[in-house]
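Novice:
In my numbering, the protein residues as written are -10 to 370.
(1) Less than 8 angstroms between CB atoms is the rule here; does residue 361 satisfy it with respect to chain C?
(2) Do the stretch 200 to 217 and the stretch 270 to 277 meet, that is, are 3 or more Cβ pairs less than 8 angstroms apart?
(3) Quick one: Cα of residue 296 to Cα of residue 276, how far?
(4) Under 8 angstroms by Cβ, that's how I've got residue 171 and residue 116 pegged, so tell me the actual separation to the nearest angstrom.
(5) Hey, which unbroken runs of the beta strand (DSSP E) at 3 residues or more fall wholly within the stretch 89 to 162?
(6) In the DSSP output, what is residue 334 paired with across the bridge?
(7) With distance defined between alpha-carbon atoms, name the residue in 75, 343, 235 and 106 nearest to residue 86.
(8) Tell me the DSSP secondary structure of residue 198 in three-state form.
(9) Could you check the C-alpha separation between residue 94 and residue 112 for me, to the nearest Å?
(10) Give me the Cα-Cα distance between residue 52 and residue 129, rounded to the nearest whole angstrom.
(11) Rounded to the nearest angstrom, what separates residue 226 and residue 300 at their Cα positions?
(12) Helix, strand or coil for residue 389, going by three-state DSSP, please let me know.
(13) Beta-carbon within less than 8 angstroms of residue 380's beta-carbon, same chain only, minus the 5 sequence neighbours each way: which residues are those?
(14) With a 10 Å radius around its C-beta and 16 neighbouring C-beta atoms as the bar for buried, classify residue 305 as buried or exposed.
(15) Spatial neighbours of residue 36 within its chain, please: C-beta separation below 8 angstroms, excluding the five flanking residues on both sides.
(16) Tell me whether residue 329 sits in a helix, a strand or coil according to DSSP, three-state version.
(17) Residue 193: buried (16+ other C-beta within 10 angstroms of its C-beta) or exposed?
(18) Just reading off the beta strand (DSSP E) that residue 352 is part of, what are its end residues?
(19) If you pair each beta-carbon of the stretch 142 to 153 with each one of the stretch 237 to 248, do three or more pairs fall below 8 angstroms?
(20) Mind checking residue 103: buried by the 16 CB within 10 Å criterion, or exposed?
(21) Secondary structure at residue 173, three-state DSSP: helix, strand or coil?
(22) Could you have a look at residue 342 and say whether DSSP puts it in helix, strand or coil?
(23) Where does residue 40 sit, in a helix, a strand or coil, going by DSSP?
(24) Taking the CB atoms as reference points, tell me whether residue 309 and residue 329 lie closer together than 8 angstroms.
(25) Quick check on residue 280: does DSSP put it in helix, strand or coil?
(26) Residue 392 lies in the alpha helix (DSSP H); which residues open and close that run?
(27) Per DSSP, which residues does residue 167 bridge with? Please list them.
(28) Verify whether the separation of the beta carbon atoms of residue 229 and residue 307 is less than 8 angstroms.
(29) DSSP three-state call for residue 68: helix, strand or coil?
(30) Taking just the CA atoms, how far does residue 339 sit from residue 349?
(31) How would you label residue 215, buried or exposed, when you count the other beta carbons within 10 angstroms and need 16 or more for buried?
(32) Short of 6 angstroms in beta carbon distance, which residues of its chain neighbour residue 59, apart from the five on each side in sequence? Order them along the chain.
(33) My assumption, with CB atoms under 8 angstroms, is that residue 164 sits in contact with residue 156. Please give the rounded CB distance.
(34) Rounded to the nearest angstrom, what separates residue 41 and residue 191 at their Cα positions?
Printed below as a string of structure tokens:
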């Protein structure tokens, strides 16, 4: 999930780092009196349907937002006028080919002011189904296809669906605790949750993989590369980090596998012999399950309470902003302090930048502080 550039969110999306399915180091070769009869493959392979449904849902939601946006009626100039009501906002307002921030807010974008003062907690979930533009939705959906389908094949639609949605919520929650003056949309927090789940799945099921150290190092390297993009300006790395941490903890809860020996023992055909295993899971798997679930509940509870009380965690952490943007000689992370004055008559909003005296007319009834600040920054830039 990323923060706005000219008012709209750009989310860095992770690539698919899933290592090739590793062969088990504990493959159970069943024995009969006359010798070996072959390997038993005990883990079920699911037919993926939920992840493709999520992809379709995101695309449909983007079309619905564009219909609601209705650029020809609400803006002076549009991109792709032949599309009529579905044409895009001007490139200077939204370079991703998408709707206005007002349309996104109306359809459920994450705006901290509305969550805190109007208790619209549902926006923490709704924003992960919205996207800022064509490029944004295509990039995230391609990532979801490459990562999500393979996970759903291995673990099923229930566990991967819960992992995706809860991780998206975790990304939205951490983002809203640190960056509170801009709107947020996109599925990148949920996508980073899938990456986190893949890492914890490898750890908790460590004993059933071969070449596990190489797979672990490869996965960690790709996760670091993806998170590193979050230090660029206009990208909300807090949502990426929140989604990743949530997915990492959820992986220990949802993606735990039983020991091969226990599965083979239960599935062994009559007349064959499998090594006897007393416990379905190893002791360390139970410990990780309990600790991760406790941390998730405590973290989500503390985060929601802190958010609804209106706290900004940057006030308690002077260095945390570097997690989302690191200033260099090539770019600055400081937001420009701009001031505007506005007058409103019905749905007509006249905004004037006090620095440049440049003015513009918007057909918008949303006069919330965050929305006006976004329009002012866009006008004065």
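Quick reminder that beta carbons are idealized off the backbone N, C-alpha and C, glycines included. It should be emphasised that the depicted structure is a prediction, and the values quoted were computed from it without experimental measurement.
Specialist: Put simply:
(1) Checking the listed chains, one finds no chain C in this structure; it contains a single protein chain.
(2) They do not touch, by the three-pair rule.
(3) Here the C-alpha atom of residue 296 lies approximately 30 angstroms from the C-alpha atom of residue 276.
(4) Wrong, their Cβ atoms sit about 12 angstroms apart, outside the cutoff.
(5) Complete beta strand (DSSP E) runs here, min 3: none at all.
(6) Note: residue 334 sits in a beta bridge opposite 337.
(7) Checking every option, the nearest Cα to that of residue 86 belongs to 75.
(8) Residue state, collapsed to three classes: coil.
(9) Cα-Cα distance, rounded: 9 angstroms.
(10) If I take the Cα positions, the gap works out to 16 angstroms.
(11) In a straight line, the C-alpha of residue 226 is about 19 angstroms away from that of residue 300.
(12) The structure shown does not extend to residue 389, since the chain is modelled only from -10 through 370, so no value can be given for it.
(13) Residue 380 is absent from the structure shown; the chain starts at -10 and stops at 370.
(14) A residue is called buried when at least 16 other Cβ atoms come within 10 angstroms of its Cβ; residue 305 does not meet this threshold and is exposed.
(15) Contacts found: 142.
(16) Note: residue 329 maps to strand in three-state DSSP.
(17) Residue 193 is classed as buried because its beta carbon has at least 16 other beta carbons within 10 Å across all chains shown.
(18) For residue 352, the uninterrupted beta strand (DSSP E) run begins and ends at 348 to 352, by DSSP.
(19) The stretch 142 to 153 vs the stretch 237 to 248: in contact.
(20) Residue burial is scored here from C-beta neighbours: residue 103 has at least 16 other C-beta atoms within 10 angstroms and is therefore classed as buried.
(21) Three-state DSSP puts residue 173 in a strand.
(22) In the three-state DSSP reduction, residue 342 falls in the strand class (E or B).
(23) Residue 40 carries a helical assignment under DSSP once its states are collapsed to helix, strand and coil.
(24) Residue 309 places its beta carbon 8 angstroms or farther from that of residue 329.
(25) Here residue 280 sits in helix by DSSP.
(26) Residue 392 falls outside the range modelled here, since the chain spans only -10 to 370, and no answer is possible.
(27) DSSP lists no bridge partner for residue 167.
(28) No.
(29) Three-state DSSP puts residue 68 in a strand.
(30) Answer to the nearest angstrom: the Cα atoms are 6 angstroms apart.
(31) Using a 10 angstroms sphere on the CB of residue 215, the tally of other CB atoms reaches 16 or more, which defines it as buried.
(32) Excluding sequence neighbours, residue 59 sits near 74.
(33) Going by Cβ atoms, the distance from residue 164 to residue 156 rounds to 13 angstroms, so no, they are not a contact pair.
(34) The straight-line gap separating the alpha-carbon atoms of residue 41 and residue 191 is approximately 24 angstroms.
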